[in-house]
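Asker: With the sequence shown counted from 1, adding 49 to any position gets you our numbering. I am attaching a structure below and will ask some questions about it afterwards.
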Amino acid sequence: MRSLLILGAFASVAACGGGGVSGTIGEACIDADRRNATPALCSCVQQVADRSLSGRDQSRAAAFFENPQLAQDTRQSDRRGDEAFWDRYKLFTEQARQICQPVA
Numbered sequence: 050m051r052s053l054l055i056l057g058a059f060a061s062v063a064a065c066g067g068g069g070v071s072g073t074i075g076e077a078c079i080d081a082d083r084r085n086a087t088p089a090l091c092s093c094v095q096q097v098a099d100r101s102l103s104g105r106d107q108s109r110a111a112a113f114f115e116n117p118q119l120a121q122d123t124r125q126s127d128r129r130g131d132e133a134f135w136d137r138y139k140l141f142t143e144q145a146r147q148i149c150q151p152v153a
């Protein structure tokens with residue numbers, strides 16, 4: 050069942066085509082200019098973000114591309130809001146890894 054959900058999500062993401070990259074996460078992904086950051090991969094990650102993170106969470110997560118130390122600080126924070134955000138962010142990254150890896 051889980052495989053079917055992942056396959057279905059991948060198919061719907063792949064269906065969105067090549068085109069330009071949009072969205073807070075997708076643009077941060079491309080702007081980070083990492084070796085494996087293709088438009089297809091960054092678009093896929095944005096699609097997952099749209100399904101799993103609020104706009105506010107996406108803005109916060111996008112900042113991690115430019116400032117990885119901010120991610121580390123958030124992860125280690127004892128603040129309840131940071132902990133709740135980190136749980137949502139971890140779920141998002143796990144989903145993106147499962148769904149988008151075949152795109153890369």
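Even glycine gets a Cβ: it sits at the ideal position worked out from N, Cα and C.
So the candidates are G104, S103, F113; which of them puts its Cα closest to the Cα of I79?
Answerer: In the sequence shown, residue 79 corresponds to position 30, counting from 1. Of the candidates G104, S103, F113, the one whose C-alpha sits nearest the C-alpha of I79 is F113.
Asker: Determine, using beta-carbon pairs with one atom in the region 99–106 and one in the region 125–145, whether at least three such pairs fall under 8 Å.
Answerer: yes
Asker: Check each candidate in L90, R137, E76, R128 and name the one with the smallest Cα separation from C149.
Answerer: The residue given as residue 149 occupies position 100 in the sequence shown. If we check each option's Cα against that of C149, L90 comes out closest.
Asker: Nearest to I74 by alpha carbon, out of R83, R84, R109?
Answerer: Working through the sequence shown from its first residue, we reach residue 74 at position 25. For the residues R83, R84, R109, the minimum Cα distance to I74 belongs to R109.
Asker: Apart from the five residues on each side of it in sequence, which residues of its chain come closer than 7 Å, Cβ to Cβ, to G67?
Answerer: As a working note, residue 67 is residue 18 in the sequence shown. The pLDDT assigned to G67 is 49, lower than 50, so where the model puts this residue is not dependable; a value taken from the coordinates is nonetheless given after this. Counting only Cβ-Cβ distances below 7 Å, and skipping sequence neighbours, we find P88, A89.
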